[in-house]
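Worksheet: the structure to be examined is printed underneath.
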Amino acid sequence: MGQVQGKKDSMFDNTIRTFRILWLDAQVNANDNNRAVQQHLRKLDKNLSTFENLEECY
45 MGQVQGKKDS MFDNTIRTFR ILWLDAQVNA NDNNRAVQQH LRKLDKNLST FENLEECY
């Protein structure tokens, strides 16, 4: 017998979750490891923004 979805489960399934990943680091693009991590994060979510200094964030 199939499982009946409750109202709470149904509401959760219809929720759109939007988020943005911000990476502030003076060395964010300085080495291959950081660039590889950025590539992996972009696979999870396209909303990755990288900044080398605080003023760029504004």
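In our numbering, the protein residues as written are 45 to 102. Where is the CB? At the ideal position from N, CA and C, for every residue including glycine. Being a predicted model, the structure only gives us computed values, none of them experimental.
> Does the beta-carbon distance from arginine 64 to asparagine 97 come in below 7 angstroms?
Replying inline: no
> For threonine 62, which option in Thr94, Glu100, Leu88, Cys101 has the closest C-alpha, if you only look at C-alpha atoms?
Replying inline: Leu88
> According to DSSP, what are the bridge partners of leucine 68?
Replying inline: Phe95
> Cα-Cα, which of Glu100, Tyr102, Phe95 is closest to glutamine 71?
Replying inline: Phe95
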